[in-house]
Amino acid sequence: MAKVKKVVLLSLLISTGFIITGCDKQSDTNDTKKPSIVWIKPTEAVCKANGGEIFLGECQAEWKDAPKICEAFGARLPTFDELKSAMTGCGGILNDTDRNENNQTYQKCREKLGFSDSWYWSSTERDSLNGACLHLETGYDVPYTKSNKFDVMCIDVNSSKN
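In my numbering, the protein residues as written are -16 to 145.
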């Protein structure tokens, strides 16, 4: 009988320990979601008034002017990681040109977000001469001289924490 009492008492202590330490949780996943990024194309007027130009219907600018264009209407230039997340969120693969170009699901998603098949500046600086940019059609990533003119896409500041 004493042996049965010890087993019952030990079982109670172990189960109480699980409850106190939180080992009874169903899931450790965090259900809070990051806010979705809202991508905004600069208008022609804002683009031109802040150092950019319109080429094939897109606002293009040098790296130094790209943030000014976005800030002119209360937005900001995305970081390289944010640009990359637009690509990977659509199913693209960084630096896998053949797969990305032939992936119609990716291409349709990219277009739906408002990105053309071009290079886009990010706010990320690679070094004093080069800024980080991404070719959204191919997913190709390479630093380019800041004096190059590439497309500008902005992020609604109310849709992100940065």
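Glycine included, every Cβ here is placed at the ideal spot set by N, Cα and C.
Using a Cβ-Cβ cut-off of 6 angstroms (strictly less than) and excluding sequence neighbours within five positions of residue i, which residues of its own chain qualify?
i, result
"GLY97", "TRP22 and LYS24"
"ARG82", "ILE76"
"ARG93", "CYS73 and LEU119"
"ASP100", "GLU120"
"ARG109", "ALA115 and PRO126"
Closest by CA to residue i, which one among the options?
i, options, result
"LYS67", "LYS129, ASP139, THR107 and VAL140", "THR107"
"ALA32", "LEU39, ALA49, ILE20 and SER19", "ALA49"
"GLY34", "MET136, LYS132, SER142 and ASN141", "LYS132"
"THR80", "VAL125, CYS42, GLU27 and GLN43", "VAL125"
"LYS47", "GLY57, GLU41, PHE38 and CYS30", "CYS30"
With a cut-off of 8 angstroms, does the C-beta of residue i fall near any C-beta of chain C?
i, result
"GLY122", "In the structure shown, chain C cannot be found, because there is only a single protein chain."
In terms of residues, what are the limits of the beta strand (DSSP E) holding residue i?
i, result
"ILE126", "Sequence check: residue 126 is Pro here, not Ile. First-last of the beta strand (DSSP E) with PRO126: 123 to 128."
What residues in its chain sit with their C-beta under 7 angstroms from that of residue i, if we drop five residues either side in the sequence?
i, result
"LEU112", "THR128 and LYS129"
So, at 8 angstroms on beta carbons, what are the nonlocal neighbours of residue i in its own chain, with the 5 sequence-adjacent residues on each side left out?
i, result
"CYS137", "TRP22, ILE23, LYS24, PRO25, ILE52, CYS53, PHE56, ALA58, ARG59, LEU60 and PRO61"
"ASN86", "GLY74 and GLY75"
"TYR123", "ASN78, THR80 and LEU117"
What does the Cβ neighbour count give for residue i, buried or exposed, with the cut at 16 atoms within 10 Å?
i, result
"GLU41", "buried"
TODO: Enumerate, from N- to C-terminal direction, the unbroken beta strand (DSSP E) stretches of 3 or more residues contained entirely within the region 17 to 93.
DONE: 36 to 38 and 41 to 44
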